[in-house]
Amino acid sequence: MRSVLIGLTGGIGCGKTEVAKIFQQLGAKIIDADEIGKTVVETQPEVLQEIAMAFGQQFVNSDGTLKRKELGAFVFADEEKKRQLNRIVHPHLFNRVRHEIEAAQSAGNEIIVVDAALIYETGIENIFDKVIVVNADLKNRIARIKQRDQLTDDEISHRIASQMPLDEKVRRANIVISNNGSVESLKEVAENIFRTFFD
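The sequence shown begins at 1006 in the working numbering and counts up by one.
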C-alpha cells in the first residue's frame, strides 16, 4: 500500500505542532521540518559558515553554535535578510526532508505528515497528497506565542507579517482545522480528519 503524504502547516501560533502530536498518537509518522532546520545548522558546519559570512560572526557563540534568538530578531525585522537566510538554509533543509520522507516510505509507514511552517511560501505543496492548514484567531495566536516564546509584541508582529497571510493559506488548503477552542475539541476534529486518510 502506498503511503499517504500529508503537509501540515499554518501561521505561527495556530497550533499545527499540537495537531502533529495528535496525528502521531494516532499512528502517523511525523517529519518536523522546523526541527530539521535547526539540526541542519547545528550539524552542517558549512551552513553555519554561510550564515556567519552573510550576517556576521556576532551571531555565532564561542563554542561554534548559532545564536538563534539574536539572529531571528535580526532577520525577521527585514524581509530581504529573511529571504537571504532562507536561501542559505532551505536547500539543505529540503534535501534532509526528502531523505526522511523516502526513509519513512521505505519503512512502510502508511501516513506520513510533514509539519512545516513554509509549505506554500517555498512552493512544495505539490509533493503532498493533501495539505492541512491549522487556522486560529489573531488574539489566540498572539497569546500562544507570548506564552511559548516570550517574544515582545514587536517581535510577534514581525514573525506574523513575515509569513504568507493566513487567509491565503486557508484558501489554498485541502483541509482547514480551526483551533480556537479547547485541546479536547481540537483532538476530536483532528481524529475525525485522520480517519479520512484511510478512506
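Every residue, glycine too, gets a C-beta built ideally from N, C-alpha and C.
Q: Counting only the same chain and skipping the five closest in sequence on each side, list residues whose C-beta sits under 7 Å from that of Val1207.
A: Outside the shown range of the chain (1006 to 1204) lies residue 1207, about which nothing can therefore be said.
Q.
Relative to the C-alpha of Met1058, which candidate in Leu1098, Gly1012, Ile1035 and Ile1093 has its C-alpha closest?
A. Comparing Cα positions, the closest option is Ile1093.
**Q.** C-alpha gap between Glu1023 and Gln1063, whole angstroms
**A.** 34 Å
**Q.** Ile1117 vs Val1136 beta-carbon contact at 8 Å
**A.** no
Q: Taking all protein chains shown into account, decide if Gly1128 is buried (16 or more other Cβ within 10 angstroms of its Cβ) or exposed.
A: exposed
Q. Does the beta-carbon of Thr1014 have 16 or more other beta-carbons within 10 angstroms, so that it is buried, or is it exposed?
A. buried
Q: Ignore the nearest five residues each way along the sequence and tell me which others in Lys1034's own chain have a CB closer than 6 Å to its CB.
A: Ala1109, Asn1114 and Ile1117
Q) For Met1169, which option in Glu1084, Asp1158 and Gly1186 has the closest C-alpha, if you only look at C-alpha atoms? A) Glu1084
**Q.** Pick from Gln1049, Gly1020, Lys1151 and Val1009 that is closest to Pro1096, judged by C-alpha positions
**A.** Checking every option, the nearest Cα to that of Pro1096 belongs to Gln1049.
Q: Could you say which of Thr1201, Asn1185, Leu1053 and Glu1105 lies nearest to Arg1149 if we only look at CA atoms?
A: Asn1185
Q | Exposure of Phe1203, with buried meaning 16 or more beta-carbon neighbours within 10 Å | A | exposed
Q: Ignore the nearest five residues each way along the sequence and tell me which others in Arg1101's own chain have a CB closer than 8 Å to its CB.
A: Ile1041, Thr1044 and Val1045
Q. So what's Ser1187 in DSSP terms, helix, strand or just coil?
A. coil
Q. Is Asp1159 helix, strand or coil by DSSP?
A. helix
Q) Can you tell me the Cα-Cα spacing of Val1181 and Val1139, whole angstroms? A) 6 Å
Q.
Using only the alpha-carbon positions, how far apart do Phe1133 and Ile1027 sit?
A. 19 Å
Q | Ile1036 - partner residues in DSSP beta bridges | A | Val1119
Q: State yes or no: is the C-beta of Glu1196 within less than 8 Å of the C-beta of Leu1031?
A: yes
Q: Using the DSSP secondary-structure output, state which residues sit across from Ile1137 in a beta bridge.
A: Leu1013 and Ile1180
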